[in-house]
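See below for the structure under consideration.
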Amino acid sequence: MSYAKIFSMRVNGSTLILSVHGTVSGLGDSAALDELDRILLQLKDQSITNVVVDFGQSPYFGSSFLETLRRIWNDIHPRGGHMVLCNVSPVGQEILEIAKFNQLWPVVATCDDAERQLQSLA
Amino acid sequence: MSTVLIVDDSATDRRLAGGLLEHSGEYDVIYSPDGQDALAQLELHVPDMVVTDLNMPEIDGLQLTRTIRQMYPFLPVILMTAKGSEDVAVAALQVGAASYVPKRRLAQELLNTVRQVLSLAKEDRGQARLMRRLIRQEVEFAIENDAELLSSLVRFLQQGAASRGICDETARIRIGVALQEALTNACYHGNLEVSSSLREVDHRAFYELCQERAVSAPYRDRRIYVTAKFTAESAEYIIRDEGPGFDPTRLPNPTAPENLERPCGRGLLLMHTFMDEVRYNTTGNEVSLIKRRTPQAAPQNGAA
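Residue numbers (the numbering used here), protein chains in the order written: chain A, 1 to 122; chain B, 1001 to 1304.
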């Protein structure tokens, strides 16, 4: 597992599991840029088709972070991949619903549920 | 010594939770077998905290939490959730529970959760009593286009509303999200004049242009001016940048299916959803965001 300011990531089979740390702040956080590039680099491994984003340690986030997720989604979606979000806080769920991103990405309770969801989507 | 009321229709679980707290020697524990009885006990004596089961007959944990938040706004509630009830726990947090602990993790997490929530509640209570005597306060900032400073400012402004009893915890978080969006817009789209459409094409180019402009004239010399006005009834935030402004009515609807995968207008949507009033000046470089006191945050029961 690697550690960075916003994401830690690990690979489980064909799934990249991203854990979000802390409250994700503004758009200009250069760490977000570096980390997005790092994630996209990891996704160049064609054997990785799915992404799970675990929000267990992140109480809330804003539109900038949603854009980061959208960018990741744009990378895997054309390859038939799926993205599932889990452990989302109540406000986080509200934000996803307001932006209607819950229509793009399933939101489930736990990481285990996310794995099951990906199996059902396969 | 703080008193904790444990509410659970299962005598075994009630004893387990109470035993964990009593064993610490830090708490007096009283018990109630259901929500109705708990409310009757609160009429006689208000404890420092309620720890309640979620699934109970008649008045469940969700309804109990809602009622307590309305009648005793400074009384924190922690929920104990069974496996599979996480969705309901989320709903409980939305109606004002301070935290929740899965029943299968009671032994590991209950005591620490109670300590943390009680500690925060005590600090908040004293500060809130003082701040409710505040008639009016106005603060002003002039801030560079610095993401770290802006995040610190968001926390300060959130706390400004919370400490004056204008908002509960949920509303405090919503205010934070709205302010972060407004300040992000002021910085990147206002002062630095970098459009979201560039991010749509190339996220790296977007960030690089932001970084370049942050150190180049005239962008680097522009400031974000923030005024916050707190009264007993509301918090008003006015955020002005020194960019050319924009027309918010021309932003595409971010929730339209064809725009779902585009980076447009979501920040503004969040601002409108989480604040009671949002309005721009005619130039489009100044936004006013107003949050009115949430009913649950009003002082009651002599707590003022």
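The beta carbon of each residue, even a glycine, is placed where N, CA and C say it ideally should be. Quick caveat, the model's predicted, so the values are computed rather than measured.
In this structure, the beta-carbon distance from residue 1179(B) to residue 1219(B) does not fall below 8 Å. Contact of residue 93(A) with chain B by beta-carbon distance below 7 Å involves 1090.
When secondary structure is reduced to three states using DSSP, residue 1102(B) falls in the strand class. When 8 Å is used as the limit between beta carbons, residue 1173(B) is near these residues of chain A: 59, 60 and 91, in chain order. Annotation: residue 1265(B) to residue 1026(B) spans about 50 Å, alpha carbon to alpha carbon. Neighbourhood of residue 1093(B) in chain A, by CB distance below 8 Å: 89 and 90, in chain order. By the neighbour-count criterion, in which a residue is buried when 16 or more other Cβ atoms sit within 10 angstroms of its Cβ, residue 1174(B) is buried. For the pair residue 1006(B) and residue 1093(B), the Cα-to-Cα distance works out to about 18 Å. In the DSSP assignment, residue 1228(B) is bridged to 1139(B) and 1237(B).
In the structure shown, residue 7(A) adopts extended strand secondary structure according to DSSP, grouped into three states. The C-beta distance from residue 1103(B) to residue 1009(B) rounds to 13 Å, too long to fall under 8 Å, and the pair is not in contact.
The alpha-carbon separation between residue 115(A) and residue 69(A) amounts to approximately 18 Å. Ranked by Cα distance from residue 1244(B), the options 1136(B), 1209(B), 1108(B) and 1191(B) are led by 1191(B). Two segments are said to touch when three or more pairs of C-beta atoms, one from each, lie closer than 8 Å; by this definition the stretch 1196-1209 of chain B does not touch the stretch 1116-1129 of chain B. A distance below 6 Å between beta-carbons, with the five flanking residues on each side excluded, links residue 1061(B) to the following residues of its chain, in chain order: 1052, 1053, 1054 and 1079. Counting along the chain, the unbroken alpha helix (DSSP H) around residue 1274(B) starts and ends at 1266-1274. Of all residues in the stretch 38-52 of chain A, none comes within less than 8 Å of chain B when Cβ atoms are compared.
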